[in-house]
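In our numbering, the protein residues as written are 11 to 93.
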């Protein structure tokens, strides 16, 4: 089972850096997802910067979220990352 996200930092280049309940950090590039209708609104930098954690997932609005599975399995490890 994939651990929950406990902290997320959205970066200006449409990248997320997330910490998981295990203490691991992963970097995830959202740019390839922004052309999908479900994520298209995140092309607005102000909206993208509102990323936060709800119930272990990264969320922007009631309709836009990203599962911890996607972040964990497709993200790259960031050794030694700090909040």
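Every residue gets a Cβ at the ideal spot worked out from N, C-alpha and C, and that includes glycine.
Tell me whether residue i sits in a helix, a strand or coil according to DSSP, three-state version.
i          : result
residue 19 : strand
residue 41 : helix
residue 61 : coil
The beta strand (DSSP E) that contains residue i, what's its start and end?
i          : result
residue 80 : Here residue 80 belongs to no beta strand (DSSP E); instead the alpha helix (DSSP H) covers 78-84.
residue 67 : 67-69
residue 48 : Looking at the DSSP string, residue 48 is not in any beta strand (DSSP E), and its letter there is neither H nor E.
residue 25 : 25-30
Counting only the same chain and skipping the five closest in sequence on each side, list residues whose C-beta sits under 6 Å from that of residue i.
i          : result
residue 49 : 43
Against chain C, does residue i count as a neighbour if the rule is that its beta carbon must be under 8 Å from one of theirs?
i          : result
residue 77 : Considering every chain present, this structure includes no chain C. It has just one protein chain.
What residues in its chain sit with their C-beta under 7 Å from that of residue i, if we drop five residues either side in the sequence?
i          : result
residue 61 : 18, 20, 26, 68 and 70
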